[in-house]
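Q:
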Amino acid sequence: MPPTITINHVTRIEGHARIDIHLNDLGKVASTQFHVTQFRGFEKFTEGRPYYEMPAITARICGICPVSHLLASVKACDAIMAVQIPEPAALLRELLHCAQFVQSHALSFFHLSAPDLLLGFDSDPALRNIVGLIEKHPEAARDGIALRKFGQQAIERMAGERIHPSWTVPGGVNKPLSADARDHILTGLPIAKSIIRRTLKNFKAMLDDFPAESAAFGNMPTAYAGLSGLDGEFKIYDGALRFIDNTAKPLATVARPLDYSKYIGEATMPDSYLKAPYFKPLGYPEGIYRVGPLGRLNVAARMGTPEADGELEEYRQRLGRIVQSSFFYHYARLIEALYGVERMEELLSEPLITDTHIRADAGVNANQGVGIIEAPRGVLIHHYKVDDNGSITWANLIVATGHNNLALNHSIRQVAEQFVDGAQLKEGAVNRVSAVVRAYDPCLSCSTHAYGGPAVNLRLWSPQGELVDSWPRPE
Amino acid sequence: MNKAKVATVWLDGCSGCHMSVLDIDEVLIDVLHKADIVYGPLVDAQEFPEGVDVTLTEGAVSSQHDYKLIQQIRKRTKLLIALGDCAVTGNVPSMRNTIPTKRLLERAYVEGADIHQRAPSDGVPALLRHAVPVQEIVKVDLHLPGCPPKPALIAFALTELLAGRKPDLTNPSVAGLVKFG
Ligand code: SF4
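Protein sequence lines, in the order shown, are assigned to chains F and Z. Residues 48 to 522 (this note's numbering) make up the first sequence, in order. Residues 1201 to 1381 (this note's numbering) make up the second sequence, in order.
1. To the nearest angstrom, how far is the alpha carbon of F:A409 from that of F:Q465?
2. Would you decide whether F:A323 is buried or exposed? Buried here means 16 or more other CB atoms lie within 10 Å of its CB.
3. State yes or no: is the beta carbon of F:Y284 nearer than 9 angstroms to at least one beta carbon in chain Z?
4. Helix, strand or coil for F:L427? Go by DSSP, reduced to three states.
5. Any heavy atom of the ligand SF4 inside 8 angstroms of the beta-carbon of F:H211?
6. By the DSSP assignment, the beta strand (DSSP E) with Z:H1330 in it spans what residues?
7. F:V338 and F:S275: beta carbons closer than 9 angstroms?
8. Flag F:C109 as yes if its beta-carbon sits less than 9 angstroms from any beta-carbon of chain Z, otherwise no.
9. Any heavy atom of the ligand SF4 within a distance shorter than 8 angstroms of the CB on Z:A1287?
10. Taking F:H152 and F:A482 to be in contact with their CB atoms under 8 angstroms, please state how far apart those CB atoms are, rounded to whole angstroms.
11. Does the segment 116-133 of chain F come close enough to the segment 369-380 of chain F to have 3 or more Cβ pairs within less than 8 angstroms?
12. With 16 as the cutoff for other CB atoms within 10 Å, does Z:A1235 come out buried or exposed?
13. Answer yes or no: do F:R107 and Z:G1216 have a C-beta to C-beta separation smaller than 9 angstroms?
14. With respect to 8 angstroms, is the separation between the Cβ of Z:P1320 and the closest non-hydrogen atom of the ligand SF4 below this value?
15. Buried or exposed, going by whether 16 or more other CB atoms sit within 10 Å of the CB of F:T495?
16. Quick test of the definition: if touching needs 3 or more C-beta pairs under 8 angstroms, does the segment 1295-1312 of chain Z touch the segment 1238-1248 of chain Z?
17. Just the C-alpha distance for F:T105 and F:S120, rounded to the nearest angstrom, thanks.
18. Closer than 9 angstroms, CB to CB, is F:Q471 near chain Z or not?
19. Can you tell me whether Z:V1243 sits near the ligand ZN, meaning its C-beta is under 8 angstroms from at least one heavy atom of the ligand?
20. Of the residues F:L159, F:V76 and F:Y487, which one's Cα is nearest the Cα of F:A454?
21. Note down, in chain order, every chain F residue with its Cβ under 7 angstroms from the Cβ of Z:G1216.
22. Going by Cα to Cα distance, which pick from F:L118, F:G110 and F:A146 is closest to F:H430?
23. By how many angstroms is the C-alpha of F:A193 removed from the C-alpha of Z:V1227?
24. Touching or not, the segment 153-163 of chain F and the segment 207-221 of chain F, by the rule of three or more beta carbon pairs under 8 angstroms?
25. Flag F:V76 as yes if its beta-carbon sits less than 9 angstroms from any beta-carbon of chain Z, otherwise no.
26. For F:N221, which option in F:G191, F:P135, F:F257 and F:R175 has the closest C-alpha, if you only look at C-alpha atoms?
27. To the nearest angstrom, report how far apart Z:A1326 and Z:S1263 are at their CA atoms.
28. Counting only beta-carbon atoms, is Z:V1324 nearer than 9 angstroms to chain F?
29. In chain Z, what lies closer than 8 angstroms to F:K322 by C-beta?
30. F:H377 by DSSP, collapsed to three states: which one?
31. Beta-carbon within less than 7 angstroms of F:L236's beta-carbon, same chain only, minus the 5 sequence neighbours each way: which residues are those?
32. Using DSSP with H/G/I as helix, E/B as strand and the rest coil, what is Z:L1369?
33. Nearest chain Z C-beta to F:A318 closer than 9 angstroms, yes or no?
34. Ordered along the chain, which non-local residues of its own chain (more than five positions away) have a Cβ less than 6 angstroms from that of F:E522?
35. I want to check one thing, is the minimum distance from the CB of Z:E1258 to the heavy atoms of the ligand SF4 below 8 angstroms?
36. Whether or not the segment 166-186 of chain F and the segment 352-362 of chain F are in contact is what I'm after, with contact meaning three or more pairs of Cβ atoms, one per stretch, closer than 8 angstroms; do they touch?
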């Protein structure tokens, strides 16, 4: 009798997830389902709160990239106040954001995915983690810890705290950057840069070692979305949201943030707390698109910093103008980390970076505001409506991992088709199904504004709906 | 020397407390020399194992899944630590408690969707009526407050525990770090 497989905990990801794999009569994969299993309700319980509390509250959606929520939130608040923030404040916010890209990408690459890449997808699961990495590849483990620390310390020097700082406020930031703090951050830059250079070099040398993974880890045509500047240059703090198709042809540019809902629709999934956004002009589910490092690099014409530009060129020479396999999220992530460090250097050299004009002040001048930025995992949208007293009457949050929900589902199915065979789950197959989820670096706490423990539960189901195998196996 | 068995778990939190554990930076390497991480978001274990020495719990207890897991963890853990304000007081997750769960779900999945407007129900755990602190469900041996707790406080607690001592939070080196928020 044909079965369903369940991966109960998708491990080494940021959140709770479970996967069901349904088999057909021939014992081949018929369908898969990706369930995100936590829900928190931020959109509802923030009703009635003053808008200026939103940055601090929504930062608690995610402690991995709290700066992303802080920034999307303060940008929505800037719009409610109808102010243009002083230029030094915009530079400082971007600097903070770059530091966060570096730390978050370090976590994703080194702490979560390097165990698969360096120890092997089929290596001993008990050691296939950061501890095993410290034992077998101490240099890589130390590099990962040092790079994450560089980003976190830069955030701390600017904003006072590494996690959930209260420095970014509606209208700007609440304290200028001291020359001393600037110099401290600058001192750490060369080491951070050399770590990323070395990691990129090693990663490129390994590219040929994963033919099956790069062929089947979500290797499919989709649209892509990301922010970019006037000349198409890569942007993470500001810029227009652009959609392109799988041949790099432009599909749409969201010129005003408020227009996002003309282009992005959301579908509820019956079996997941994670909704599935889609590109409205193409409908559901044809409007599948990907965001995050892979999507952003596909959208960008160029990076805009010298070394990252060179890397982007090489990336495209190796893989094509549009890179289609989600396995290469890792590669794109490293190029972005390099951009982050280079861009930090540029921003820190701006004379205005220590200027004291850092905050615009105003009351409620508009009854709604939208903030859009690129979180490390992709486009993040905060949309608030307020009454004349500034109390929230309605809020909508669309987060990075949500945009990738349809693509994640497709990718899981593709990996399962490739690696799951018959009614028995093998550990290496379970890990690959989990690993494709990890490639997207999904932040499920963000995505459902929820967060959970270690995750994939895998279940294998027969066409008749009987459970034939599951992972973990019942004791 | 037998390594201590340490587990970490995320319930309804934002992962910031876990990130604060990583923010002990190089101390992490010392800790990992003395302890095996047997369960948690950084490792591949699928089931919460038996005989765990210390479990760090982040987040409030918010769903049926959290509720079952925390009871299993309590049975299998010697020292249960509530890590951070969500686990200690309910913090931000408990802001939903004044609103019926049905309304929360409707807002997100009916009003907040263009297609398939209905609350998910297959394969997802039901929400508890209230998100509550860990000690409301099981006994907690040590509370480390903070949103998130400061890395120095976490480093102190872990170092003491791995030396076989119960951390004394009145110790002057950390007393100033024991606070909410
Ligand atoms: S206590 Fe704060 S940092 Fe920790 S999980 Fe809760 S919101 Fe996040």
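From the three backbone atoms N, C-alpha and C, an ideal C-beta is built for every residue, glycine too.
A: Put simply:
1. Distance between the alpha carbons of F:A409 and F:Q465: 57 angstroms.
2. It is buried - the Cβ of F:A323 has at least 16 other Cβ atoms within 10 Å.
3. Not an interface residue.
4. Three-state DSSP puts F:L427 in a strand.
5. Yes; taking the cut-off as 8 angstroms, the Cβ of F:H211 has a heavy atom of the ligand SF4 nearer than that.
6. For Z:H1330, the uninterrupted beta strand (DSSP E) segment begins and ends at L1327 to V1332.
7. In this structure, F:V338 sits away from F:S275, with a CB-CB distance that is not shorter than 9 angstroms.
8. With 9 angstroms as the cut-off, F:C109 counts as an interface residue toward chain Z.
9. Using a cutoff of 8 angstroms, the CB of Z:A1287 counts as near the ligand SF4, since one of the ligand's heavy atoms is closer than that.
10. Contact between F:H152 and F:A482 fails: their C-beta atoms lie close to 17 angstroms from each other, not under 8 angstroms.
11. Cβ pair count under 8 angstroms is below three, so no.
12. It counts as buried.
13. The Cβ-Cβ distance between F:R107 and Z:G1216 falls below 9 angstroms.
14. No - the ligand SF4 has no heavy atom lying nearer than 8 angstroms to the Cβ of Z:P1320.
15. Reliability of the predicted coordinates at F:T495 is poor, the pLDDT of 39 falling under 50, and no value is obtained from them.
16. No, the segment 1295-1312 of chain Z does not touch the segment 1238-1248 of chain Z.
17. Across the structure, F:T105 and F:S120 are spaced so that their CA atoms are roughly 7 angstroms apart.
18. So no, F:Q471 is outside the interface.
19. The ligand ZN is not part of the structure shown, which contains the ligand SF4 as its ligands.
20. F:A454 has its Cα closest to that of F:Y487, out of F:L159, F:V76 and F:Y487.
21. Ordered by position in chain F, the residues that pass the 7 angstroms Cβ test against Z:G1216 are G110, P113, I210 and H211.
22. Among F:L118, F:G110 and F:A146, the Cα nearest to that of F:H430 belongs to F:L118.
23. Spanning the two alpha carbons is a distance of roughly 12 angstroms.
24. Contact fails: fewer than three Cβ-Cβ distances are below 8 angstroms.
25. No, no contact with chain Z.
26. Taking each of F:G191, F:P135, F:F257 and F:R175 in turn and checking the Cα distance to F:N221, the smallest one comes out for F:P135.
27. Z:A1326 and Z:S1263 have their alpha carbons spaced roughly 6 angstroms apart.
28. Yes - at least one Cβ of chain F is within 9 angstroms of the one on Z:V1324.
29. Under the 8 angstroms cutoff, chain Z gives A1308, Y1309, G1312 and A1313.
30. If DSSP states are grouped into helix, strand and coil, F:H377 belongs with the helices.
31. Contacts found: V388, M391 and E392.
32. In this structure, Z:L1369 counts as coil in the three-state DSSP scheme.
33. Reading off the sequence shown, one finds Asp at residue 318 of chain F, where the question assumed Ala. Nearest CB-CB separation between F:D318 and chain Z: below the 9 angstroms threshold.
34. Note on F:E522: pLDDT 39, under 50, position unreliable in the model; the coordinate value appears next. Nothing listed; no residue qualifies.
35. Z:E1258: yes, Cβ under 8 angstroms from the ligand SF4.
36. Judged by Cβ distances under 8 angstroms, the segment 352-362 of chain F makes no contact with the segment 166-186 of chain F, as fewer than three pairs qualify.
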